[in-house]
Structure formats: structure tokens, C-alpha cells
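Every letter in the sequence shown is one number past the one before it in our numbering, and letter 10, counting from 1, is 10.
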Amino acid sequence: MEIYTLKDARDSFQKIVKDCQQSSEPTWILGKGYKAVILSEELYESMQESIEVFSTMFREERQRQKETGDEGEIVDLDNM
Numbered sequence: 001m002e003i004y005t006l007k008d009a010r011d012s013f014q015k016i017v018k019d020c021q022q023s024s025e026p027t028w029i030l031g032k033g034y035k036a037v038i039l040s041e042e043l044y045e046s047m048q049e050s051i052e053v054f055s056t057m058f059r060e061e062r063q064r065q066k067e068t069g070d071e072g073e074i075v076d077l078d079n080m
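#1: Using only the alpha-carbon positions, how far apart do residue 4 and residue 40 sit?
#2: Any contact between the segment 25-37 and the segment 58-73? By contact I mean 3 or more CB pairs, one from each, below 8 Å.
#3: Taking 8 Å as the cut-off, does the segment 42-49 touch the segment 11-19 (at least 3 CB pairs, one atom from each stretch)?
#4: Exposed or buried, residue 56, counting other C-beta atoms within 10 Å across all chains shown (16 or more means buried)?
#5: Three-state secondary structure (DSSP) at residue 2?
Next up, the structure:
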């Protein structure tokens, strides 16, 4: 993971994009009051796919719990 200021990112944008593609690592752009992340398309799509898989699993589990009446129990974090 690399971190750039906005000025450095502006001066090196082409290099940053190329490095993101080659390393599949995110690059952070930091400035006063903001943060941004540049990702390769491959990493972005992989993350989107993971989110979709976990969302589907969660929805299916919640549906199963509703159908069986087994919606789990509420546990106080202090008692864990």
C-alpha cells in the first residue's frame, strides 16, 4: 500500500495507476480533511464479488431463520 499527498498524486498519477494495476494493492491519497483510495479494476471487482457472496449468504440465513423460527438469541456483550 502506498500513500501520496494530493500534490504528489497529481504529479505521479500515471505511475500510481500503473502501480495499482501491477501490484493489486490500493493506493491512498491523503489531504486536509479528506482521504481517497485508488484500486485496480481487478481488486475492485473482486471486492464487489465478495460483498455479493456474503450478502447472499446473509439473506439466505436470515430467510432460513425466519422460516424455522430460529432467529437466535440476543446476548449481552458483557456476558460473552
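Ideal Cβ positions, reconstructed from N, Cα and C, are used throughout, including at glycine. Note that this is a predicted model, so its numbers are computed, not measured.
Considering the structure as presented:
#1: One Cα belongs to residue 4, the other to residue 40, and the distance between them is close to 16 Å.
#2: At 8 Å Cβ cutoff, the stretches do not touch.
#3: Segment contact: the segment 11-19 against the segment 42-49, fewer than three CB-CB distances shorter than 8 Å; contact not assigned.
#4: Taking every protein chain shown into account, the CB of residue 56 has fewer than 16 other CB atoms within 10 angstroms, so this residue is exposed.
#5: Residue 2 falls in the strand class under three-state DSSP.
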